[in-house]
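Notes to accompany the following structure.
Protein chains in written order, with this note's numbering: chain V, 263 to 454; chain Y, 62 to 156.
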């Protein structure tokens, strides 16, 4: 349902609370990105060599999982707007399952890293890499808990085309973690 | 056969850009071309997610401006840190 606020472009997708949270996360990561830029300025050689040692396939797989999971949440919001509750549940569950692939890939990536001598003390590039990527993983974990909560409430029939702000709020937070990963991925796997 | 919807097109475009990024990760060398391409990819992919996944074009202007500002500022910082790393190093040295 399109509200009057949406027609004049003044709607708040989800709810105000989630936007306070999203903006706090953006400020937090902006500061962490500054740590990355400052470390890179002081140790350019380490940041030029660093990406060569990381498993690019892990970073790419995480990106594909997050983008596809985000797509599923777009479809879930579209489905609940049509009151298609079973389809909504299917899309939310698909988003959750794909999102759970992220920590799984991260587990194997870290195991591979450690086997190749890349731990937090392997150099400044890897210290910043672990600091930023594990911080992102923590925020993704909150998002996964949110998706699980929303899936439960969808299964219970809580949402409808007239009230789906909780579902939309979870989708907004999930997409914001996408945006952050789209920045983090090139920082550590592509940029030199 | 159904034609692709808008969401599917955006999703496929994001996947294609990600694979282009993966190719860059394997073949790219440090320098201005890589820096500009990475900054452009961050800005473009960020805008795609914000405008089409989050459908932020219909949202309150303040939300829209902050999100757009975020994915504009970070690529500018990427370019700044590459071209003016010595300035950044001087500004952040504690002696």
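The beta-carbon is built from N, C-alpha and C at its ideal position, and this holds for glycine as well.
{"Query": "CB contact check: residue 119 of chain Y to chain V, cutoff 7 Å", "Result": "yes"}
{"Query": "The segment 64 to 76 of chain Y: positions lying closer than 7 Å to chain V by Cβ", "Result": "68, 72, 75, 76"}
{"Query": "Chain-ordered neighbours of residue 140 of chain Y on chain V, where CB pairs are closer than 7 Å", "Result": "The contacting residues do not exist; residue 140 of chain Y stays about 11 Å from chain V at best."}
{"Query": "Nearest-angstrom Cα separation, counted from residue 373 of chain V out to residue 289 of chain V", "Result": "30 Å"}
{"Query": "Separation of residue 379 of chain V from residue 309 of chain V, as counted between CA atoms", "Result": "17 Å"}
{"Query": "Cβ shell of residue 324 of chain V (< 6 Å), same chain only, five flanking positions each side left out", "Result": "364, 367"}
{"Query": "Where residue 119 of chain Y sits in the DSSP three-state scheme", "Result": "helix"}
{"Query": "Residue environment, residue 411 of chain V, which counts as buried when at least 16 other CB atoms sit within 10 Å", "Result": "exposed"}
{"Query": "Given residue 233 of chain V as reference, the closest of Y/111, Y/147, Y/144, Y/139 once Cα atoms are compared", "Result": "The structure shown does not extend to residue 233 of chain V, since chain V is modelled only from 263 to 454, so the question has no answer here."}
{"Query": "Closer than 7 Å to chain V by CB, residue 126 of chain Y", "Result": "no"}
{"Query": "Boundaries (first-last residue) of the alpha helix (DSSP H) holding residue 392 of chain V", "Result": "386 to 417"}
{"Query": "DSSP three-state assignment for residue 427 of chain V, whether helix, strand or coil", "Result": "helix"}
{"Query": "Close beta carbons around residue 100 of chain Y, own chain, < 6 Å, minus the five adjacent residues each side", "Result": "136, 139, 140"}
{"Query": "Cβ-Cβ separation, residue 273 of chain V to residue 119 of chain Y (assumed contact under 8 Å), whole Å", "Result": "6 Å"}
{"Query": "Sequence-distant residues of the same chain with beta carbon closer than 6 Å to residue 430 of chain V, five excluded per side", "Result": "275, 276, 339"}
{"Query": "Residue 334 of chain V burial status per 10 Å Cβ neighbour count (16 or more: buried)", "Result": "buried"}
{"Query": "Proximal residues to residue 385 of chain V (C-beta, below 6 Å), its chain only, five neighbours per side dropped", "Result": "308"}
{"Query": "Burial state of residue 106 of chain Y (16 or more Cβ within 10 Å)", "Result": "buried"}
{"Query": "For residue 62 of chain Y, three-class secondary structure by DSSP", "Result": "Residue confidence is low: residue 62 of chain Y scores 47 on pLDDT, short of 50, so the model does not pin down where it sits. Its coordinate-derived value is still stated next. If DSSP states are grouped into helix, strand and coil, residue 62 of chain Y belongs with coil."}
{"Query": "Short Cβ contact (7 Å threshold) for residue 284 of chain V with residue 438 of chain V", "Result": "yes"}
{"Query": "Contacts of residue 129 of chain Y in chain V (Cβ-Cβ under 9 Å)", "Result": "Near residue 129 of chain Y there are no residues of chain V at all, since even the closest Cβ is about 11 Å away, more than 9 Å."}
{"Query": "Counted within 10 angstroms of its Cβ, other Cβ atoms place residue 442 of chain V as buried (16 or more) or exposed", "Result": "buried"}
{"Query": "Contact set for residue 361 of chain V: own chain, Cβ-Cβ below 8 Å, skip 5 residues either direction", "Result": "327, 328, 331, 402, 405, 406, 409, 436"}
{"Query": "Option nearest residue 371 of chain V by Cα separation, candidates V/316, V/454, V/305, V/415", "Result": "V/316"}
{"Query": "Within-7 Å CB hit, residue 354 of chain V to chain Y", "Result": "no"}
{"Query": "Alpha carbon of residue 263 of chain V to alpha carbon of residue 117 of chain Y, nearest angstrom", "Result": "Model confidence at residue 263 of chain V stands at a pLDDT of 46, short of 50, so the residue's coordinates are unreliable; what they give is reported in the following sentence. When rounded, the distance between both Cα atoms is 16 Å."}
{"Query": "Own chain partners of residue 67 of chain Y with C-beta closer than 6 Å, once the 5 adjacent residues on each side are dropped", "Result": "none"}
{"Query": "Cβ of residue 454 of chain V within 7 Å of any chain Y Cβ", "Result": "yes"}
{"Query": "Contact with chain Y by residue 440 of chain V, beta-carbon distance below 7 Å", "Result": "yes"}
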